[in-house]
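Order-wise, the sequence lines are chains X and C.
First residue of the first sequence: 1, per our numbering; consecutive thereafter.
First residue of the second sequence: 1001, per our numbering; consecutive thereafter.
We put the CB at the ideal spot given by N, CA and C, even for glycine.
These numbers come from a predicted model, not from an experiment.
The structure appears right after this line, and notes come after that.
2 protein chains.
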Amino acid sequence: MHQSKLWIPTLREVPSDAEAKSHSLMLRAGLIRQLAAGIYSFLPLGWRVLNKVSQIVREEMDRIETQEVLMPAMQPAELWQESGRYAVYGDELIRFRDRHDREFALGPTHEEVITTLIRNEISSYRQLPISIYQIQTKYRDERRPRFGLLRGREFLMKDAYSFDASWEGLNETYWKMHGAYCRIFDRIGLNYRAVEADAGAIGGSGETHEFMALSDIGEDTIISCVECDYAANLEKAEFFQSQETATESDKSPASCYEKIHTPQTHTIEQLVQSLDRTANSFIKTLIFVADGEPIAVLVRGDHEVNETKVKNYLGAEEIELANADIVLNVTGAPFGFAGPLNLAIPLLVDREVAGMTSGIVGANEVDYHLINIQPSRDFSIEEIGDFRNANQDDVCPRCKGNLHFSRGIEIGHVFKLGTKYSEKLGGKFLDQTGKEQWMIMGCYGIGVSRLLSAIVEQSNDLNGIIWPRSIAPYQVHLIPVSVKDSTQMELSELLYSRLISAGIEVLIDDRDERPGVKFKDADLIGIPIQVIVGKLAGDGFVEFKERRTPADKIAISIEDAFLRITELINS
Amino acid sequence: MHQSKLWIPTLREVPSDAEAKSHSLMLRAGLIRQLAAGIYSFLPLGWRVLNKVSQIVREEMDRIETQEVLMPAMQPAELWQESGRYAVYGDELIRFRDRHDREFALGPTHEEVITTLIRNEISSYRQLPISIYQIQTKYRDERRPRFGLLRGREFLMKDAYSFDASWEGLNETYWKMHGAYCRIFDRIGLNYRAVEADAGAIGGSGETHEFMALSDIGEDTIISCVECDYAANLEKAEFFQSQETATESDKSPASCYEKIHTPQTHTIEQLVQSLDRTANSFIKTLIFVADGEPIAVLVRGDHEVNETKVKNYLGAEEIELANADIVLNVTGAPFGFAGPLNLAIPLLVDREVAGMTSGIVGANEVDYHLINIQPSRDFSIEEIGDFRNANQDDVCPRCKGNLHFSRGIEIGHVFKLGTKYSEKLGGKFLDQTGKEQWMIMGCYGIGVSRLLSAIVEQSNDLNGIIWPRSIAPYQVHLIPVSVKDSTQMELSELLYSRLISAGIEVLIDDRDERPGVKFKDADLIGIPIQVIVGKLAGDGFVEFKERRTPADKIAISIEDAFLRITELINS
């Protein structure tokens, strides 16, 4: 491709609205443009990369015999009512009415559509298992679209759905899909981890993994063991629970508790300072509302409540921190002074709190705390469990190895749905004995457009993007320094033709621009191999440079350049 | 591909809701399934064909250096307000509000988006011309979705937009695109015509062609000359206007007009019968409302008013037949008795009416007509023009050849937009003299998913679809008659491997089904080459059949079958 004919509107300045490095680079390299918050156009270079990523996804889906289809984005509301999600999906679901006043949703996902499709066409175990996928535009009206393609409102997704006749079958399909995802992300050149994730209230066996591209701007926290292969996201992460739950708090047999005056101390940090005790001497009492009912969760002062663990323990649909009114109503005191004594609501006590010999708690009275509180003695422990996040002091639940904390961008997700949707939408089949059974489903997603951001976030330097070879918009960037120099241009066009004939994708910068502009654009765009045709052209020599190792620029003959390129690309 | 692993839910019965042959066949062959009126899922085979069609479109767009992008379907209403189309687009435009109550439209087309994108990025004549395309999902809330993919509410379209610095440039781009469209439809194997179409009130040079797949179920009428290459749709079609506008009506100098009693005769047909005169003795007076104002159009009794010609003559935005109330109000009589005398509204007189020496008109009084009416003498002729449809008696406006009438499905459209959108949306550039100019635009559409219906409509027989080779879901259908016969299966798998190695797409029917079921499915699905491996397998022979010529089934050796297939596919 001749660059003079390709629309690549590069930008010199960093766009003011770009919060993430990838967002800024993708705007600057002329890959995307924003139309509205969270809604982007893919320009020619961006489209090429998107297409290459899609192609890799497609190849790996086809390899495991998942069949490609294309389902509509316009979905009748009835389907969502049937599954029960119309009421609970909230503002993220885009809804509208057609000219006949019938309600529709713009699909954020396709469980309803695929389950309906399959239930109408498949009725026997002989037709199972079947796996279906599509690469299709999804709509989610995010509260806070940001980071360019990372959290958008209209985006490209690969979503797959499997239907099995048995749980063993689903398990096999699930791990096949898991393997395909690993191959996809490997081929794309991402640094990622597959981590255990929380299945929420979806039921079924609930096994689920998230694929996380490691990145500081990731919205998820990943915990991984430095010794074994255990990895989970923060919501799900477990840790080794020692039997003796020793604490730093006072080990002597506690005397009766006492009320102390603690004016203006609403937080553990303030208490630590004013009372000169370590954070783990305290017991935090947090009031939540779970499905409309207030509850209290007790964790040690140096720990954080894990809402997902609480929610799963309760089997609740929704959980959120109580507001000031509810806290006042339930505890009799404002925020910061809640404690477990005499609360008329369920107490969920974290295992490590239960093991404390003494702790400091709120007095349910403004400006007062209680010290020398002994769990069991001073408040009853009926509901005990793991209700907190893992932290840096914890060790691996499997091997007691140290845990490593990092941030990740969710790029993929595999999920054992079980019979949740088949039961709601009537997805039945006749088994070998002629008995009706619910189909056992799985669902599997990859954020195709989001992958571009994840890659750029991982693969860049001060000068721009560094595309992995498998998804680069072009494989070679050929840069004649001056288009007015006929020797340079002839040599460039010669090499261009040879490379094109060898089936290599080449972008030749035939623009009449200053060399500085060309080099800057080339680095920004990030094509992995650069060949600069300059002063040495008369001797048949060019400069060869790999984008990721710019310091290793070497002068070689055009013949060697050709060999080196074909070798690199075929390696 | 092994058919046992491919989801092709064929149907034996003709679906009751399928109005068109293509619709029925596409449902029966398991290509598509309806989700809601005008909204379809593409199943694996349907998706494969859709993808092949898209690929051909893509290749021909790339060949003429049109650059591929992907624009969003979610479009802010502000853009449509800026272009002025938000108010006029009507119910076909799907509208909704996001969580922040901002209005959006689901794009039925992308002039607004592309013009905004280009205006922000391109500012100089040096960056022009540029042509952009995408293959993307469009939304139009049709009043009457029907015929399967032919008139849907969510459909796949290729839309292209060009920006030139001059009208000459646009003309060149336009004809390049026209050529690409011809190559696309040729490659797809369609029987089509490019016809002149009406540009409506869009302004600009307004040149526009529609590409019509010939088909009896087409919603458009096409007129083409049997001698020269003149072709137009009915709205646009001109015809040779003889200077002497001879009529069959009374040629003798007319006496004064007379009022006659014509009870219960509301139509020309009834008048022809009751008065025993030919239809061309009458003058029809039709009342329309053009942009809110009533007007009368006069055409000969055997002619039909062409609303598009009337609309263009008036420069009106909208025109529709007046309702009964308006007719009564304007003429003083109900439907069927309108006439030109003493009407206080503009009279648009068709050229052939103006040339009549005598005619019969409504009396503007219930149950009365006037005979011996002489145009000019009895009513004044101020507005004269061509206001009627061409018909079978007309001849070509270019060569006076006979005109042929046929029906067509609109599959593509090329349009010189001119500066309509660039003016409204601020699409300016600096020309060579540094002066600001409006960009000169063109737009070019192909209904990609609709093409599938058009092809199937043209290419089928009693047994099913007959896919043209270029877009068939697979190139060869290999059918072992019995999967339990190891000789047949071994020979089949041998041929399968050889064909696959030669890069040929083969579907092998390895299902344990009765031969009748397999043959019926194969004919229905319509893969162009069938190879049946049956009783002769022991001798290394197979039956070779082309789907379009089923009678020519021959027994040949497996070696000859291989040669014949590769020859056919490479031809």
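By the neighbour-count criterion, in which a residue is buried when 16 or more other Cβ atoms sit within 10 angstroms of its Cβ, residue 410(X) is buried. A direct Cα-to-Cα measurement between residue 1181(C) and residue 132(X) gives close to 33 Å. Taking 8 Å as the cut-off between beta carbons, none of the residues of the region 1303 to 1316 of chain C comes near chain X.
Taking all protein chains in view, the Cβ of residue 462(X) is surrounded by fewer than 16 other Cβ atoms within 10 Å, so the residue is classified as exposed.
About 6 Å separates the CB atoms of residue 506(X) and residue 478(X); that is less than 8 Å, so the two are in contact.
Taking the Cα positions, residue 269(X) is about 7 Å away from residue 279(X). DSSP, reduced to helix, strand and coil, places residue 1557(C) within a strand of the structure shown.
Cβ neighbours of residue 176(X) within its own chain (closer than 7 Å, five residues either side excluded): 64. Contacts with chain C at 8 Å (Cβ-Cβ) do not include residue 365(X). Under the 8 Å criterion on CB atoms, residue 36(X) is classed as interfacial with respect to chain C. In the structure shown, the three-state DSSP call for residue 1399(C) is coil. Following the DSSP letters along the chain, one finds residue 182(X) inside the alpha helix (DSSP H) bounded by residues 167 to 188.
Rounded to the nearest angstrom, the gap between the Cα atoms of residue 1229(C) and residue 1401(C) is 10 Å.
Taking residue 1104(C) as reference, the option from 1116(C), 1125(C), 1124(C), 1072(C) with the minimal CA-CA separation is 1072(C). Around the Cβ of residue 259(X), a 10 Å sphere holds fewer than 16 other Cβ atoms; the residue is exposed.
Residue 1543(C) is positioned such that its CB atom lies closer than 8 Å to that of residue 1534(C).
In this structure, 1390(C) is the residue among 1101(C), 1354(C), 1390(C) with its C-alpha nearest to the C-alpha of residue 1239(C).
With distances taken between CA atoms, residue 432(X) lies nearest to 165(X) out of 373(X), 371(X), 165(X). For residue 268(X), the enclosing alpha helix (DSSP H) begins and ends at 268 to 275. Where residue 1023(C) is concerned, the enclosing alpha helix (DSSP H) starts and stops at 1021 to 1028.
At a cut-off of 8 Å between beta-carbon atoms, residue 1094(C) makes contact with chain X. The beta-carbon of residue 71(X) is placed less than 8 Å from the nearest beta-carbon of chain C. For the region 45 to 67 of chain X, the set of residues with a beta-carbon nearer than 9 Å to any beta-carbon of chain C comprises 46, 47, 48, 50, 51, 65, 67, in chain order. For residue 1040(C), at least one C-beta of chain X is nearer than 8 Å to its own C-beta.
Less than 8 Å separates the beta-carbon of residue 310(X) from that of residue 297(X). The beta-carbon separation of residue 38(X) and residue 153(X), rounded to 4 Å, stays under the 8 Å limit for a contact. Under the 10 Å beta carbon count, residue 1327(C) is surrounded by 16 or more other beta carbons and is classified as buried. Non-local C-beta neighbours of residue 1404(C) in its own chain, meaning closer than 8 Å and more than five positions away in sequence, comprise 1223, 1224, 1225, 1226, ordered along the chain. For residue 1428(C), the closest alpha carbon among the candidates 1420(C), 1438(C), 1206(C) is that of 1438(C). Rounded to whole angstroms, the gap between the alpha carbons of residue 382(X) and residue 293(X) is 18 Å.
Under the DSSP assignment, residue 1519(C) falls in the alpha helix (DSSP H) whose first and last residues are 1515 to 1525.
Contact of residue 1448(C) with chain X is not assigned, every C-beta pair being separated by 8 Å or more. Per DSSP, reduced to three states, the secondary structure at residue 1439(C) is coil, with no helix or strand assignment. Residue 14(X) is not a Cβ neighbour of residue 31(X), given a cutoff of 8 Å. Less than 8 Å separates the beta-carbon of residue 1134(C) from that of residue 1070(C). Rounded to whole angstroms, the gap between the alpha carbons of residue 1397(C) and residue 1385(C) is 15 Å.
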